[in-house]
Amino acid sequence: MRTPLLAVDGVLHLDGVSLEALASAADTPAYVYSASTISTRYRELTETLAAVPHHVHYACKANASLGILAALRALGAGVDVVSGGELYRAQQAGFAPAGIIFGGVGKSRRELEAAVAAQVNIITVESEAELREISAIASAQGTRARIGVRVNPEVAVDSVHAYIKTGQKGDKFGVPWDEAERVAHLAHTLPAVTLVAVGMHIGSQLTNLAPLADGLQRLESLVGRLRAAGVTTLEFLDIGGGLYVPYNDEPAADLAGYAAIVVPALQRIGLTLIVEPGRFLVAEAGVLLTRVLYRKRTGGRDVLVTDAGMSDLLRPSHYDAYHRILAVRPRANQATLDVVGPICESGDFLALDRAMEDVGAGELLVLCTTGAYGSCMASNYNSRTRACEVMVREGQWTVITERETYADLVRRETVTPQWRTQA
Ligand SMILES: *Cc1c(COP(=O)(O)O)cnc(C)c1O
Numbered sequence: 026m027r028t029p030l031l032a033v034d035g036v037l038h039l040d041g042v043s044l045e046a047l048a049s050a051a052d053t054p055a056y057v058y059s060a061s062t063i064s065t066r067y068r069e070l071t072e073t074l075a076a077v078p079h080h081v082h083y084a085c086k087a088n089a090s091l092g093i094l095a096a097l098r099a100l101g102a103g104v105d106v107v108s109g110g111e112l113y114r115a116q117q118a119g120f121a122p123a124g125i126i127f128g129g130v131g132k133s134r135r136e137l138e139a140a141v142a143a144q145v146n147i148i149t150v151e152s153e154a155e156l157r158e159i160s161a162i163a164s165a166q167g168t169r170a171r172i173g174v175r176v177n178p179e180v181a182v183d184s185v186h187a188y189i190k191t192g193q194k195g196d197k198f199g200v201p202w203d204e205a206e207r208v209a210h211l212a213h214t215l216p217a218v219t220l221v222a223v224g225m226h227i228g229s230q231l232t233n234l235a236p237l238a239d240g241l242q243r244l245e246s247l248v249g250r251l252r253a254a255g256v257t258t259l260e261f262l263d264i265g266g267g268l269y270v271p272y273n274d275e276p277a278a279d280l281a282g283y284a285a286i287v288v289p290a291l292q293r294i295g296l297t298l299i300v301e302p303g304r305f306l307v308a309e310a311g312v313l314l315t316r317v318l319y320r321k322r323t324g325g326r327d328v329l330v331t332d333a334g335m336s337d338l339l340r341p342s343h344y345d346a347y348h349r350i351l352a353v354r355p356r357a358n359q360a361t362l363d364v365v366g367p368i369c370e371s372g373d374f375l376a377l378d379r380a381m382e383d384v385g386a387g388e389l390l391v392l393c394t395t396g397a398y399g400s401c402m403a404s405n406y407n408s409r410t411r412a413c414e415v416m417v418r419e420g421q422w423t424v425i426t427e428r429e430t431y432a433d434l435v436r437r438e439t440v441t442p443q444w445r446t447q448a
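In this text, residue positions in the sequence shown follow our numbering: the first is 26, and each later residue adds one.
This is the structure in structure tokens:
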């Protein structure tokens, strides 16, 4: 775990800000993000890839809060969006069209129309039907769309959970390998579209880089065949995201090994590299700050009930994910505890059977490495208001997302239905 949490006078600080003082000022539960960690990860990655021309497009599904997007834009990142809502957020955060890639397996006509109208740098297609639809939309708008073809390289992927493998044969993502050349060639010949990229994204939390090398080899052969067939418009090779993030004591992603695979391949291929990291840039920047409401003993277990639950952080129950839990006032005594949320659901846990500090009611905890796939997967289940989000930097803090209010919960709803007859 590489989150810069530091105990000062017996209280954990993040980027020089006391988490205890922050809990008093901003209340709990709260997501807290270290600005220094985001910039450190961003710089590590750009230094890793310095030998080849490259663009880093942050996969904002990991955390699409405007404050996070603005921080990454200020560092020089582009953005990768997968829905009309994420496109809207990217625009609100000030990304120029040239800095936006629009991907995703199931874009609606309305979303494609918005992407074409916005003139994003690349719309990544995942099927022939989608490609034809974009060509028709761009023709109707009297413009051209820049197209990337996402290929499923059909490589065997090692990852920590089946839900985050995406580049194997039969996965729903990308154009199947045996159709890739034909669809890319179609993108070259259809009206109102220009084929500018081919790419892949084989999964998240890649524990082994061999599938990346295998996939790159396939993309290299595809680019060679397209060029031989007269395609001269390619600018980018997109290798997706998936860089590994340690959640406990595992080693960090092997960036040197990553560069050793990616850099020579891109030098041979001669296109500009695009990478789409999500988790790598933001996961370690974030902690979820929560207060213990009760400690009770039930069925021989010691249980902490916290004010954060699965509606704030879904990963433990959805992916069986591990998040390290630390007391904001570190203590020496250890215990084996369950940490559960307040939601009426047995699946609402943050940790089970966890060896951790022996804390009691009223104390503050942080769930570590929650900057990615945390706040963005939060829900209002049990009509819980979603947590605020705070950015910390060099001893200062700022609320980047306000805590939801009860009025927010019912804003779209009505108690006075306006009945209409069928049109
Ligand atoms: C989810 C996703 C990413 C980011 O994956 P991380 O593991 O968070 O880096 C990148 N590209 C695409 C197409 C994705 O779906």
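Don't be surprised by glycine CBs; every beta carbon is placed ideally from N, CA and C.
Asked: Environment of V22 [buried if 16+ CB atoms lie within 10 Å]; Found: Because the chain in this structure spans residues 26 to 448, residue 22 falls outside the shown range and cannot be described.
Asked: Cβ contact check for the stretch 69 to 81 and the stretch 287 to 300: 3 or more pairs under 8 Å; Found: yes
Asked: P302: CB within 6 Å of a non-hydrogen atom of ligand 1; Found: yes
Asked: Helix, strand or coil at P29 [DSSP, three-state]; Found: coil
Asked: The stretch 360 to 369 in contact with the stretch 271 to 288 per 3-pair CB rule at 8 Å; Found: no
Asked: Contacts around A51, its chain only, beta-carbon distance under 7 Å, and the 5 residues preceding and following it disregarded; Found: C413, V415 and V424
Asked: As assigned by DSSP and simplified to three states, the class of T439; Found: coil
Asked: Check whether A115 and L389 have beta carbons under 7 Å apart; Found: no
Asked: Best match in V200, G240 and L259 for proximity to V218 [C-alpha to C-alpha]; Found: L259
Asked: Buried/exposed call for W422, threshold 16 Cβ in 10 Å; Found: buried
Asked: Contact set for V221: own chain, Cβ-Cβ below 7 Å, skip 5 residues either direction; Found: I147, R171, I172, G173, T258, L259, E260 and F261
Asked: Buried/exposed call for T361, threshold 16 Cβ in 10 Å; Found: exposed
Asked: Alpha-carbon to alpha-carbon, D263 and T297; Found: 8 Å
Asked: Residue closest to A55, alpha-carbon to alpha-carbon, out of S64, L44 and T62; Found: L44
Asked: Near ligand 1: A76 beta-carbon under 6 Å from a heavy atom; Found: no
Asked: Residues near R322 by beta carbon distance below 8 Å, same chain, minus five either side; Found: V328
Asked: Test item: CB-CB of E429 and T410 under 7 Å; Found: yes
Asked: V270 beta carbon less than 7 Å from that of A308; Found: yes
Asked: beta-carbon G199 near ligand 1 non-hydrogen atom, thresh 6 Å; Found: no
Asked: Span of the beta strand (DSSP E) around F21; Found: Outside the displayed span of the chain (26 to 448) sits residue 21, for which this structure offers no information.
Asked: Whether A209 touches L251 by CB criterion (7 Å); Found: yes
Asked: Per-residue burial, E155 [other beta carbons within 10 Å of its own, 16 or more giving buried]; Found: buried
Asked: Local conformation of L215 per DSSP, three classes; Found: coil
Asked: Y58 classed as buried or exposed, judged by whether at least 16 other C-beta atoms fall within 10 angstroms; Found: buried
Asked: Any non-hydrogen atom of ligand 1 closer than 6 Å to T226 Cβ; Found: Note that residue 226 corresponds to His in the displayed sequence, not to Thr. Yes, since a heavy atom of ligand 1 falls inside the 6 Å radius drawn around the Cβ of H226.
Asked: Cα-Cα separation, I93 to A333; Found: 21 Å
Asked: Own chain, CB closer than 6 Å to V6, minus 5 neighbours either side, in chain order; Found: Residue numbering for the chain in the displayed model covers 26 to 448; residue 6 lies beyond these limits and cannot be assessed.
Asked: Burial state of E179, where buried means 16 or more other Cβ atoms lie within 10 Å; Found: buried
Asked: Contiguous alpha helix (DSSP H) assignments of at least 4 residues, all confined to the stretch 387 to 437; Found: 431 to 435
Asked: Any non-hydrogen atom of ligand 1 within 6 Å of G128 CB; Found: yes
Asked: Residue from D433, E153, G109 and T149 with nearest C-alpha to E136; Found: G109
Asked: Where Q117 falls, given that 16 or more other Cβ within 10 Å makes a residue buried; Found: exposed
Asked: G35 CB to nearest heavy atom of ligand 1 below 6 Å; Found: no
Asked: A333 beta carbon near ligand 1 (any heavy atom closer than 6 Å); Found: no
Asked: Range of the contiguous beta strand (DSSP E) that encloses T65; Found: First-last for T65: A60 to T73, but that is the alpha helix (DSSP H), not the beta strand (DSSP E).
Asked: Test item: CB-CB of G267 and L231 under 7 Å; Found: yes
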